[in-house]
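Visitor:
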Amino acid sequence: MATVEMVGIRKAFGSSVALEDFTVRIRSGELVCLLGPSGCGKTTALRILAGLEKADGGRVSVEGLDISDDPPERRRFGMVFQDYSLFPNMTARQNIEFGLKVQKKDAAERRSIVDRMIDVTRLQAHADKYPHQMSGGQRQRVALARAIATAPRVLLLDEPLSALDAQVRETLRDEIRRLQLDIGVTTVFVTHDQHEALAIADRVGVMSNGRLEQLAPPRELYERPANSFVASFIGTVNQLPAIALQSDRWQVLNRTVIGNEAGTAGTEGIVAVRPEHIALDGSDTGLWTIESTSFLGPMTRLVVTQPGHHPLLVDLASSEAVAFPVGSRVQVRLRDDVGQVTVLTAAPIASRMSS
Amino acid sequence: MSKNAAPPADVPRHARWRSVRPASVVTSAFLVIVALYFLVPMLAMARFAFQNVPMALLTPEKLLEGWSFSGLWTALSDPGIISATKTSVLLVVFAIALNLALLLPLAIITEVHNPRLRPVLSAVTLLPWVIPPIALVVGVAATFRAAVPWFLASDFSLVPFYALWAMPFTYRALDAGLQAISARTLYEAARTMGASLTTIIARVIIPNIGAAIAAASALTAAMVLGEFAFASLLLKTTLPTEMVNYQRGDPRGGLALALIVMILTALALGLVVRSLRRRGLTVHTAGM
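Protein chains in written order, with this note's numbering: chain A, 1 to 355; chain B, 356 to 643.
Right under this line is the structure:
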């Protein structure tokens with residue numbers, strides 16, 4: 001268990017900048033997901049943390065001690081790779097034992113640790129199999145057991161589930177989280193899958209173009225995205241026109257709500273509104289028309305249109321949605337429980353360009 | 356990935372047959388032509404070497420007459436051939452050892468530390484083929500004669516030449532092996548577990564590229580057993596030069612010997628390729 005800090009990390013590969021002033025502080029025992037589209041620098045950040053890549057600038061420290069110049073073999077971290085990277089010439093047991101042998105633990109201790117790892121990752125039936133005799137999920141469990149066997153200070157996971165089937169992915173995701181909570185190891189998990197990140201992380205760091213856009217608990221990230229990138233990257237948003245009022249108040253549809261940014265009073269901006277934050281009222285004189293509906297189980301997603309406007313996505317409880325067949329006319333409003341919205345564009349485009 | 360994947364069951368038998376046919380006819384015809392190109396001269400060689408019939412009488416009708424291995428036995432019991440064989444076998448062993456001692460660490464460290472240098476190494480290892488043997492021999496001989504005159508006197512002065520000459524094969528075989536096991540990620544994984552470079556090379560990388568090492572060694576062996584130019588230019592008595600020498604006095608025995616050496620080398624290479632294929636399959640699936 002350890003606190004981890006990456007401060008002002010900069011890294012460029014040739015002329016392309018992978019990380020720019022990247023700073024993240026991770027608490028002891030916390031699971032932080034680094035989430036972002038491919039090429040956003042999340043894997044580079046993890047590899048710099050592991051010591052497999054050297055930063056051009058900035059500092060990496062664990063428990064307050066600067067480890068920027070330590071090679072990976074001295075950092076006492078555990079790492080799991082996307083392609084498992086198990087040693088093909090060793091059985092599951094021998095793979096798990098490898099790090100313990102390197103640490104020169106005696107045979108009895110190695111045996112007891114390996115047995116415990118095999119138990120917690122439920123690999124009893126596969127302990128003496130070689131990697132090529134195991135499925136992807138089993139292999140990745142071996143890789144996980146191998147990474148935590150040496151009692152690492154920090155556990156690093158580089159897209160550990162990306163090579164697996166959807167079902168295995170979800171099971172293993174939950175197993176990783178359970179195990180991480182059990183042993184309380186500080187963990188950094190890199191993924192491009194937002195569902196994965198939101199499901200298991202204590203905090204999620206959303207990255208784009210080598211920068212950390214926001215680092216926050218999943219719920220806060222979803223409900224109060226810090227900027228337009230995070231708002232549109234996490235979940236789905238509608239971009240609605242809004243009028244700026246005094247200070248940080250904005251008029252959106254029928255209501256006045258707080259925006260995360262203030263606009264010039266009286267000018268128009270654009271705010272992000274989640275599909276589930278819009279309510280519909282059936283009305284023959286409504287300006288909006290239900291164009292299509294798709295049933296998603298508990299929820300139904302409706303596409304609502306009005307000539308001259310962008311189509312709106314609206315998520316309703318399926319029981320509620322039956323009241324709005326395709327072609328019916330409706331009025332749209334913001335739900336009463338929506339208190340805050342994210343401002344995507346605070347000022348009209350024209351005035352932005354002149355300023 | 357699976358080598359015995361069944362064809363889809365819903366495809367009618369005749370449809371499968373038709374779709375395969377044109378390509379397979381061309382392939383078979385090509386294979387037959389290539390086989391004839393190699394087999395006809397070899398059969399002629401075999402008849403000359405192993406049939407106790409005067410050459411003018413080696414007609415198609417007498418195909419089965421007077422076969423005998425006496426020429427081969429005489430050749431094999433020739434003291435010159437025996438000592439040249441010993442020299443060549445030792446040359447094979449030393450050339451493989453020197454070659455691997457140089458290239459194995461070089462290939463591994465390039466792959467795990469500086470993969471960007473791979474194309475450079477790949478080009479450099481091709482140089483021995485670009486430089487003709489005569490240039491190598493004259494250049495190297497002139498250098499050594501001035502510096503360490505005793506060196507070129509030994510038969511084993513051929514070892515560095517052979518190790519160098521085999522580099523293009525060896526490096527490619529080793530590099531392919533390292534790529535197949537994703538040596539770089541294995542190295543990184545082992546490093547995060549605290550292992551040193553030597554531990555990683557000895558316990559993780561080398562055990563997983565056994566097939567590539569075997570291939571590199573087999574190719575070196577085949578090359579050394581057939582190499583004539585260096586040995587002849589440096590006036591050394593190796594199996595190939597001694598066979599040419601022996602053939603002057605006993606054409607039948609010499610040819611019989613040449614044929615047997617060729618067949619044995621081909622068989623040995625074939626065995627290595629087979630074992631590679633078996634190993635290659637497991638290595639491949641394990642790397643996925």
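Quick reminder that beta carbons are idealized off the backbone N, C-alpha and C, glycines included.
Given the structure is predicted, the values throughout are model-derived calculations rather than measurements.
Between the stretch 526-538 of chain B and chain A, which residues of the former have a C-beta closer than 8 Å to a C-beta of the latter?
Guide: Listed by position along the chain: Ile-536, Ser-537.
Visitor: What does the Cβ neighbour count give for Pro-363/B, buried or exposed, with the cut at 16 atoms within 10 Å?
Guide: Summary for Pro-363/B: the model assigns pLDDT 47, below 50, so the residue's position carries little reliability, and this model does not support an answer.
Visitor: Please give the ranges of any beta strand (DSSP E) in the stretch 26-77 of chain A, keeping only runs that are unbroken, at least 3 residues long and fully inside the region.
Guide: DSSP runs (the beta strand (DSSP E)) wholly in the stretch 26-77 of chain A: 31-35, 57-62.
Visitor: Any idea what DSSP makes of Asn-89/A, helix, strand or coil?
Guide: If DSSP states are grouped into helix, strand and coil, Asn-89/A belongs with coil.
Visitor: Determine contact between the stretch 177-184 of chain A and the stretch 135-155 of chain A, defined as no fewer than three beta-carbon pairs at a distance below 8 Å.
Guide: Yes, the stretch 177-184 of chain A touches the stretch 135-155 of chain A.
Visitor: Does DSSP classify Asp-605/B as helix, strand or coil?
Guide: Here Asp-605/B sits in coil by DSSP.
Visitor: Say whether chain B places a C-beta atom closer than 9 Å to the C-beta of Pro-88/A.
Guide: At least one chain B Cβ lies under 9 Å of Pro-88/A.
Visitor: Comparing alpha-carbon positions, which option in Phe-506/B, Val-514/B, Trp-520/B lies nearest Ala-490/B?
Guide: Checked all of Phe-506/B, Val-514/B, Trp-520/B; the closest Cα to Ala-490/B is Trp-520/B.
Visitor: Does the beta-carbon distance from Val-343/A to Gly-259/A come in below 9 Å?
Guide: Cβ distance < 9 Å, so Val-343/A and Gly-259/A count as in contact.
Visitor: By the criterion of Cβ-Cβ separation under 7 Å, what are the contact partners of Ser-85/A in chain B?
Guide: Chain B residues near Ser-85/A: Ser-537, Thr-540, Leu-541, Ala-544.
Visitor: On the DSSP bridge assignment, give the partners of Gln-340/A in chain order.
Guide: Gln-340/A is bridged to Ile-258/A.
Visitor: Can you tell me where the beta strand (DSSP E) holding Arg-301/A begins and where it ends?
Guide: 299-305 is the span of the beta strand (DSSP E), which, as asked, contains Arg-301/A.
Visitor: Which residues in the same chain as Asp-510/B place their Cβ atom closer than 6 Å to its Cβ, once the five residues preceding and following it in sequence are excluded?
Guide: Taken in chain order, the residues that qualify are Thr-442, Lys-591.
Visitor: For the stretch 528-535 of chain B against the stretch 558-578 of chain B, do three or more pairs of beta-carbon atoms, one drawn from each stretch, fall closer than 8 Å, so that the two count as touching?
Guide: In short, these stretches touch, since the Cβ pair count reaches three.
Visitor: Report the partner residues of Gly-205/A according to the DSSP bridge assignment.
Guide: DSSP output for Gly-205/A lists Leu-34/A, Leu-215/A as bridge partner(s).
Visitor: Taking only beta-carbon positions, decide if Thr-44/A is within less than 9 Å of chain B.
Guide: Answer no: the Cβ-Cβ gap between Thr-44/A and chain B never drops below 9 Å.
Visitor: In the stretch 162-188 of chain A, which residues sit with their C-beta less than 7 Å from some C-beta in chain B, listed in chain order?
Guide: Listed by position along the chain: nothing, the set is empty.
Visitor: What does the alpha-carbon distance come out to for the pair Met-6/A and Ala-272/A?
Guide: When rounded, the distance between both Cα atoms is 31 Å.
Visitor: Taking contact to mean 3 or more Cβ pairs, one atom from each stretch, closer than 8 Å, check whether the stretch 94-107 of chain A and the stretch 542-551 of chain B are in contact.
Guide: Yes: the two stretches touch, three or more of their Cβ pairs being nearer than 8 Å.
Visitor: Please say whether Trp-428/B and Asn-407/B have beta carbons closer to each other than 9 Å?
Guide: Going by C-beta atoms, Asn-407/B is not nearer than 9 Å to Trp-428/B.
Visitor: Are the Cβ atoms of Thr-191/A and Ser-162/A separated by less than 9 Å?
Guide: Their beta carbons are under 9 Å apart, which means Thr-191/A touches Ser-162/A by this criterion.
Visitor: Beta-carbon of Glu-438/A versus every beta-carbon of chain B: anything under 9 Å?
Guide: Because residue 438/A is not part of the residues shown, which for chain A are 1 to 355, the question remains open.
Visitor: Measure the C-alpha to C-alpha separation of Ala-18/A and Asn-227/A and round it to an integer number of angstroms.
Guide: Rounded to whole angstroms, Ala-18/A to Asn-227/A spans 21 Å at the Cα level.
Visitor: Out of curiosity, what's the CA-to-CA distance linking Asp-56/A and Pro-298/A?
Guide: Approximately 49 Å, taken between the alpha carbons.
Visitor: Would you kindly check if the distance between the Cβ of Leu-594/B and the Cβ of Ala-674/B is under 9 Å?
Guide: The first residue shown for chain B is 356 and the last is 643, placing residue 674/B beyond what the model contains.
Visitor: Counting along the chain, where does the alpha helix (DSSP H) carrying Ser-438/B start and finish?
Guide: 434-468 is the span of the alpha helix (DSSP H), which, as asked, contains Ser-438/B.
Visitor: Using 8 Å for Cβ pairs, my map puts Ala-571/B next to Leu-624/B. What's the rounded Cβ distance?
Guide: About 12 Å separates the two Cβ atoms, so there is no contact after all.
Visitor: DSSP puts Met-356/A in a beta bridge; with which residues?
Guide: What is shown of chain A runs 1 to 355, which leaves residue 356/A out entirely.
Visitor: Does the structure place the stretch 244-259 of chain A close enough to the stretch 334-343 of chain A that three or more beta carbon pairs sit under 8 Å?
Guide: Yes, the stretch 334-343 of chain A is in contact with the stretch 244-259 of chain A.
Visitor: The beta strand (DSSP E) spanning Val-237/A covers which residue range?
Guide: Per DSSP, Val-237/A belongs to no beta strand (DSSP E) and is neither H nor E.
Visitor: In chain order, what residues of the same chain lie with their CB nearer than 6 Å to the CB of Gln-214/A, ignoring the 5 residues before and after it?
Guide: Excluding sequence neighbours, Gln-214/A sits near Val-206, Ala-226, Val-230.
Visitor: If you pair each beta-carbon of the stretch 14-34 of chain A with each one of the stretch 43-53 of chain A, do three or more pairs fall below 8 Å?
Guide: Touching, per the Cβ criterion.
Visitor: Taking a cut of 9 Å between CB atoms, which residues from the stretch 556-579 of chain B lie near chain A?
Guide: Result list: Arg-558, Val-559, Pro-562, Asn-563, Gly-565.
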